[in-house]
Each structure stands twice: as C-alpha cells, then as structure tokens.
Amino acid sequence: MKCLPNTTFQRADKELFALETLHLAHALIGCRLVTTIEGVRSSGIIVETEAYGGAKDPAAHSFRGETPRTQVMFKEAGHVYVYFIYGVHYCVNIVSEREGTAGAVLLRALIPDENREKMQERRGGAANDAVARGPGNLCKALGIDLSLNGEYAPESEKIWVEAPRDPLPLPILRSPRIGISKAKELPWRFYLANCASVSKGPVGS
DNA sequence: GCAAAGATCGGCT
DNA sequence: GCCGATCTTTGCA
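Under my numbering, think of the first position of the first sequence as 15, with each following residue one higher.
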C-alpha cells in the first residue's frame, strides 16, 4: 500500500533546520531521511516526529543543561544527535534552533523507500510497514549508530534529509509524545494520518 | 564510586 | 498488558 504520491526530492539545507523546534518537527513529515553506510544507500519517508525543547521541556535530555552527551543538541541546527537507550536501541534526532540553544526533533518512523531489501535485512526480515516503525527500529533499518552522532546533515555524506518538491496531500496530526514520564501532556508529536508505518495511533500511549 | 532511570522493543501470559 | 534485556548517563553521597 502506497501512502505517498510520486515526487522528487532534494537535499535540505540549513534554512529548513533553523526553524523553531515545533515547526521543524512538522516540516520534517514527508521529507526523506537518507543514510549511506559502508557505501550502501537506503532511505525512507519520515511519517512521525517528536519535538524536544531546551530549558522549558523537562522531558528533553538537554533540560538540565549541556553535558557531554547533550552537547550536540546545543549546536547549530542541522546536526544529528544519536543516543543509545535501554542498553539496546539507538534513537536519532535532527538538531533545531540556533547554536547555543538546545532543541531537537526525534525521528520516530519512516516508510521504507530506497533499498528496502537492505533495510529489511538489517531488521531481520520484518514486514515492510514495520521495518522503520518506532525510533529504535528506524535506526536499525537505516544502519544508524553512535558513529553518526554529531554529523552535519546539510553537508554529511553519511546521513542527510531531502525535502519533497511537492507538499503532502495528507493531513498531519498531532498528539502527546510517547514513552516519556515528564511533560506527557504537551502535544509535541506529529504524524501522518492513515499510515501503517506510524508507531501508534491517535491516543499515543 | 554507586544506583537508578531511561525519548524502546518483542515476547509471553 | 506486563516484563526482561542490557548499558550509558547522570545525580548524589
């Protein structure tokens, strides 16, 4: 099942990423996330994101200020923040806002696009809709790990974002964020309506 | 130093 | 619906 129309993509530059965090989270829906890992390119259409703020967001890693782990969140917009969680999974974010101000958008789900076979292989043969559904699965499907932490998406040869020429014809919905214990009520999650690759439904828990 | 929590996932009851 | 895997980061003693 195809959720999306045919369109062409071109690499997003720093102007896109410099948006305010909530706007970037919305704008990234429909963009294509591309990685080239060990010479192998694969990609998917972003269908689910969450915004994480700075000093005002107790759910964000950056809430308590800059630490060795969170320093990437304070860099110029367009940097890539990857972290390892629960001893098992990686999660990937695109940094927003200006240098010195923390903000990032967690990428939670993709529709597999280029090189689906490789993504499926990395995921141990999961069904297409599930290959990049959920932040941990998304990273596994695209081969994202800590070696990509700190990459700069506008210039990186390993990971970048491509914007669609044509805007999406489907509505983008929002809901509270998933899997957090603080600031649960903030409706800072964005996702594409009616898409089987989105990790959870409208309720979001 | 140490202990607890964590932006998850898949398997099992 | 609950639970375990498995390890890094961080806050506090």
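C-beta atoms are modelled at their ideal positions from N, C-alpha and C, and glycine is treated no differently.
Rounded separation between residue i and residue j - CA only
| i | j | result |
| --- | --- | --- |
| residue 141 | residue 107 | 24 Å |
| residue 79 | residue 95 | 15 Å |
| residue 99 | residue 157 | 16 Å |
| residue 29 | residue 169 | 13 Å |
| residue 11 | residue 124 | With the chain running from 15 to 219 in the structure shown, residue 11 is simply not present. |
| residue 203 | residue 76 | 18 Å |
| residue 83 | residue 160 | 11 Å |
| residue 214 | residue 89 | 30 Å |
| residue 126 | residue 55 | 12 Å |
| residue 151 | residue 137 | 7 Å |
| residue 52 | residue 91 | 26 Å |
| residue 182 | residue 59 | 11 Å |
| residue 210 | residue 143 | 6 Å |
| residue 166 | residue 24 | 16 Å |
| residue 81 | residue 196 | 20 Å |
| residue 134 | residue 155 | 7 Å |
| residue 44 | residue 153 | 18 Å |
| residue 164 | residue 171 | 13 Å |
| residue 130 | residue 33 | 30 Å |
| residue 188 | residue 22 | 26 Å |
Candidates the options, of which the one nearest residue i by Cα
| i | options | result |
| --- | --- | --- |
| residue 5 | 27, 93, 193 | As displayed, the chain neither begins before 15 nor continues past 219, which places residue 5 out of reach and without an answer. |
| residue 208 | 201, 184, 36 | 184 |
| residue 20 | 195, 200, 204, 179 | 179 |
| residue 31 | 97, 116, 53 | 116 |
| residue 190 | 181, 200, 182 | 200 |
| residue 128 | 57, 46, 34 | 57 |
| residue 198 | 165, 74, 45 | 74 |
| residue 146 | 195, 47, 175, 164 | 47 |
| residue 97 | 175, 22, 162 | 162 |
Pair within 7 Å by beta-carbon distance, residue i and residue j
| i | j | result |
| --- | --- | --- |
| residue 173 | residue 49 | yes |
| residue 39 | residue 177 | no |
| residue 102 | residue 93 | no |
| residue 149 | residue 105 | yes |
| residue 61 | residue 212 | yes |
| residue 42 | residue 63 | yes |
| request: Would you check if there are 3 or more beta carbon pairs closer than 8 Å linking the region 64-79 to the region 108-116? | output: Counting Cβ pairs under 8 Å, three or more are found: they touch.
| field | Complete runs of the alpha helix (DSSP H) confined to the region 117-183 [at least 4 residues] | value | 130-136, 149-156
| Where in the region 29-70 do unbroken runs of the alpha helix (DSSP H), each at least 4 residues long, occur, reported from the N-terminal end onward? | 35-41
| said: In chain order, what are the residue ranges of uninterrupted alpha helix (DSSP H) at least 4 long that sit wholly in the region 64-118? | reply: Listed in chain order, there is nothing to give.
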